[in-house]
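Structure first, commentary second.
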Amino acid sequence: MQKFQLRGYLGDANAPADEAGNGVIARNIVSAKGILTPFDFRHAVNDRPHTSQALGFLLGKLVKKMKLPMQRNPDLYPNDDNGDTLWHIAQQGVDLSTSREIAFSVVFPTKESALAFSVTLLRFEQKVRCCHYPENKAFPMDVTVYPTMVPSHKAISAFEEELAVEAKPLGGLNDGWEFSIDDKDV
Numbered sequence: 001m002q003k004f005q006l007r008g009y010l011g012d013a014n015a016p017a018d019e020a021g022n023g024v025i026a027r028n029i030v031s032a033k034g035i036l037t038p039f040d041f042r043h044a045v046n047d048r049p050h051t052s053q054a055l056g057f058l059l060g061k062l063v064k065k066m067k068l069p070m071q072r073n074p075d076l077y078p079n080d081d082n083g084d085t086l087w088h089i090a091q092q093g094v095d096l097s098t099s100r101e102i103a104f105s106v107v108f109p110t111k112e113s114a115l116a117f118s119v120t121l122l123r124f125e126q127k128v129r130c131c132h133y134p135e136n137k138a139f140p141m142d143v144t145v146y147p148t149m150v151p152s153h154k155a156i157s158a159f160e161e162e163l164a165v166e167a168k169p170l171g172g173l174n175d176g177w178e179f180s181i182d183d184k185d186v
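Numbering-wise, UniProt numbering puts 144 at position 144 of the sequence shown, and it's gapless, one number per residue.
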């Protein structure tokens, strides 16, 4: 069984600065012989200014590399569609602590309602795309909205609720969300 120890002072104003002057010594954050690479430490510290984000990233790396079973936290991953999806993503080792562009889809019965919804979102300075899918007879129009946010259950659910409030009077329905990941996320 591999042992690891969490210690150190991420974000402590009294901590000696590392070579980049970040006020943090990455090697003191986690001692895990041969499990985490220097790149993991630099990536955690440089890309995540908050202690909890960096430690969450490093713990995710440890769990993935050591093949430790993860315990589902019902506060972070409630038992609903969004919670189940985020839990599945977290189990794959994806870092859910960083902001990213998330695509939310809302479908509409008519072109006019989809365009009216798109204009509303543009007024809120959102990036949108409106597409026609004729194979979906009941809801042939799809509006995709691309906010940038941390993919947390709370943030995703709140944004879906906001979309539903705006879409409902126009006959629109939420149709899911997605985001892309790359190698640095895993």
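Every residue, glycine too, gets a C-beta built ideally from N, C-alpha and C. If you're wondering where the values come from, they're calculated on a predicted model, not measured in any experiment.
(Q) Measuring only the C-alpha atoms, how far is residue 180 from residue 89? (A) Residue numbering aside, residue 180 sits at position 180 when the sequence shown is read from its first letter. Residue numbering aside, residue 89 sits at position 89 when the sequence shown is read from its first letter. If you take the alpha carbons of residue 180 and residue 89, they lie about 11 Å apart.
Q.
Just to confirm the assignment, what range does the alpha helix (DSSP H) spanning residue 158 have?
A. Sequence index remark: in the sequence shown, residue 158 carries index 158 (1-based). Run containing residue 158: 153-167, per the alpha helix (DSSP H) assignment.
**Q.** Range covered by the alpha helix (DSSP H) that runs through residue 175
**A.** The residue labelled residue 175 in the question sits at position 175 within the sequence shown. Per DSSP, residue 175 belongs to no alpha helix (DSSP H); it is in the beta strand (DSSP E), 173-178.
Q) For residue 139 versus residue 107, is the C-beta spacing smaller than 8 Å? A) Stepping through the sequence shown from its first residue, residue 139 is reached at position 139. Stepping through the sequence shown from its first residue, residue 107 is reached at position 107. For the 8 Å CB-CB criterion, residue 139 and residue 107 form a contact.
Q. Excluding the five sequence neighbours on either side, which residues of its own chain have a C-beta within less than 6 Å of the C-beta of residue 33, listed in chain order?
A. Position 33 of the sequence shown, counted from the first residue, corresponds to residue 33. Because the pLDDT of residue 33 is 44, which lies under 50, any placement of that residue in the model is unreliable, and the number read from its coordinates should be weighed accordingly. Counting only residues of its own chain and dropping the five nearest sequence neighbours on each side, residue 33 has no CB closer than 6 Å to any other CB.
Q) So, helix, strand or coil for residue 135, using DSSP? A) As a working mapping, residue 135 is identified with position 135 in the sequence shown. When DSSP states are grouped into helix, strand and coil, residue 135 belongs to the coil group.
Q) Which class does residue 125 belong to by DSSP, given the choice of helix, strand or coil? A) For this step, residue 125 is matched to residue 125 along the sequence shown. Here residue 125 sits in coil by DSSP.
Q: Starting from the Cα of residue 135, find the closest Cα among 109, 124, 79 and 152 and give me that residue.
A: Numbered from 1 along the sequence shown, position 135 holds the residue referred to as residue 135. The option with the nearest alpha carbon to residue 135 is 109.
Q | Distance cut-off 7 Å: residue 122 Cβ against heavy atoms of the ligand SAM | A | As for the ligand SAM, it is missing from this structure, which has no ligand bound.
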